[in-house]
Amino acid sequence: MLGREAAEVEKKVLIVVVSLIVAFAVGSLFGFGYYQFTRGPAIVRATPLEPSPPTESLPSQLEATENKNLPDTNNHVSELPVSEQSPEPVLPPTEPVAEEQTVVQAQDEQQENQIKEEKVAYITIDDGPHPQNTPAILAILEEFDVKATFFVLGTEVEKYPELIEQIRQAGHAIGNHTYNHIYHETYASDDSFWNSVQKTEEVLLELTGEKPILIREPGGRFRTDPEKQQMVRDKGYGLIHWNIDSYDSRHPIPDAETIFNNVKRQAQKEHLWPAMVLLFHETGGHQSTVEALPLVIQYLMDKGFSLKTVAEMDMEAMANLPKP
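According to our numbering, the stretch in the sequence shown is residues 531 to 854, in order.
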């Protein structure tokens, strides 16, 4: 009983397998036929292909292309279409450049003038006038076309009044150096000091018709005494000292080269340059001072200093002279 049932099952399975194989084969044939039918044979065409026209060689094509793109050289450039002309070259404007150069040049000149204004030297000469040295000094100053300030003594003015007129006519400044430079008389008291100042003042006023407002006390006695300095300024005078000493009043009196080197050494101090006041003397045996002056003046000019008189300095600058 069981054997017959198993045989029937195997039979059914076999039938299913065979049916699947047949169905697969039929489907494959059907699909291939459909594909061939829709595609058609590749070699069957009703119209044969037309032969292609002969082509030119590659160099000929390139030559034709280049000739086509190049403009006719027989025509002027302006005859080309606007779209094919090269743009006009844009040149930079010339006037603004010239203006800029002018501005830069003006700035340089202004800076140069400012530097020169910051380097000012004041030559001051004490104790004169002197019959030999004063005319020699005036000749040197004229040769270099510079001005100086002479702080004169009343006693010497009375002896050589004509030299005061020569100093004035040459455009130099004159200051009051008291009457006789005798310390124990001049500095005995404040009254004695002012008496000495007024005596010289009266002599100069009679000669020139002017009263000098510049004062330098003998030996610079008030340099370390602010109260005495203020006493002089309160009376309307300009009290002027110095910040470069030529040391020409030392004993023995130095030679011209030593005097020049003394000035040159101290003139290296840049903080003095805006108001550099130099001290010299002219009386007695100060011939070496006369000989040193051309060296000093030439040096200052070479270094860019402008030489002025103390009369050109304002009162505030005198009171705040740079310290040595």
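Note that beta-carbon positions come from the ideal geometry of N, C-alpha and C, so glycine has one too.
| Item | Value |
| --- | --- |
| Completely contained beta strand (DSSP E) runs for the segment 745-817, where each covers 3 or more residues | 806-811 |
| Proximity of LEU851 and VAL793 at Cβ, strictly below 8 Å | no |
| Secondary structure of PHE835, DSSP reduced to three states | coil |
| Spatial neighbours of THR763 in its chain, beta-carbon cut-off 8 Å, leaving aside the 5 residues before and after | In the sequence under discussion, the amino acid at residue 763 is Arg, which differs from the Thr named in the question. Only LEU769, MET845 and ALA849 meet the Cβ criterion. |
| Unbroken beta strand (DSSP E) run spanning TYR652, endpoints | 650-658 |
| Three-state secondary structure (DSSP) of GLY739 | coil |
| Beta carbon of ALA700 nearer than 8 Å to that of LEU668 | yes |
| Nearest neighbour of ASN710, chosen from LEU683, ALA805 and LEU693 [CA to CA] | LEU683 |
| Test item: CB-CB of THR708 and GLU747 under 8 Å | yes |
| Of the listed residues ILE712, ILE743 and ILE783, nearest to THR679 (C-alpha basis) | ILE743 |
| Close Cβ partners of ASN773 (< 7 Å) along its chain, the five nearest in sequence each way excluded | LEU802, MET806, VAL807, LEU851, PRO852, LYS853 and PRO854 |
| Touching by the beta-carbon criterion (3+ pairs, under 8 Å), the segment 825-832 and the segment 776-794 | yes |
| Residues that DSSP places opposite VAL682 in a beta bridge | GLY658 and ASN706 |
| Near the ligand SAM: GLN817 beta-carbon under 7 Å from a heavy atom | Ligands in the displayed structure: none, and consequently the ligand SAM is not present. |
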